[in-house]
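Here the structure comes first, spelled out in structure tokens, and everything after it is commentary.
Quick look at the structure:
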């Protein structure tokens, strides 16, 4: 058989003869997980309402069988303990992500002040070389904050390639003083 390249880790591999050209990954556990996630994502996009319909079915079944979950947990203590441990881990991970976001938001003003005062910040340097610095500086400008609603648009006489008038999103002209005779 001829060799193929894994679409996830890009390593060359010889496909299993029983699978042949249909084999997409090299077989490493990480690549298999990535392939499974890709297929699952594809399936979910093809069947977007599956889980909504399944929820109604499950809710109706649980209404017809009250106390089932409680009895199941009592008769399967290993499952209940495993689920409890997994839920605690999920909660901890979620809390740590939120804590990190809170810390970054608290540090942002100090970092921006430090960058504005920094002498080696060169606007002429390509943005690719200083992406974090420029992202922080641009994010600190209130006019560029997408979460801050703009109260009113400002229209200048000529905005480079953008000019007044035309189109469904045109800014109506500001009434000026009436021209005299």
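Numbering (our numbering), first residue to last: 1016 to 1196. Note that the Cβ used here is the ideal one computed from N, Cα and C, for glycine as well.
{"Check": "Going by the DSSP bridge assignment, what does residue 1027 pair with across the sheet?", "Outcome": "1020"}
{"Check": "Below 8 angstroms on the Cβ atoms is my contact criterion, and I expect residue 1050 with residue 1023 to pass it. Report the Cβ-Cβ distance as a whole number of Å.", "Outcome": "7 angstroms"}
{"Check": "Residue 1067 to residue 1061, Cα distance in whole Å?", "Outcome": "14 angstroms"}
{"Check": "Pick helix, strand or coil for residue 1057, following the three-state DSSP scheme.", "Outcome": "helix"}
{"Check": "Looking at the secondary structure, which residues open and close the alpha helix (DSSP H) in which residue 1075 lies?", "Outcome": "1065-1079"}
{"Check": "Determine, using beta carbons only, whether residue 1019 and residue 1047 come nearer to each other than 8 angstroms.", "Outcome": "no"}
{"Check": "How would you write the range of the alpha helix (DSSP H) that residue 1089 sits in, first residue to last?", "Outcome": "1083-1090"}
{"Check": "When you compare only the Cα positions, how much space is there between residue 1034 and residue 1040?", "Outcome": "11 angstroms"}
{"Check": "Given this structure, state the Cα-to-Cα distance separating residue 1089 from residue 1025, to the nearest angstrom.", "Outcome": "48 angstroms"}
{"Check": "If I measure Cβ to Cβ from residue 1017 and keep anything under 7 angstroms in the same chain, skipping five residues before and after, which residues do I get?", "Outcome": "none"}
{"Check": "Can you tell me which of the three DSSP states residue 1107 falls into?", "Outcome": "helix"}
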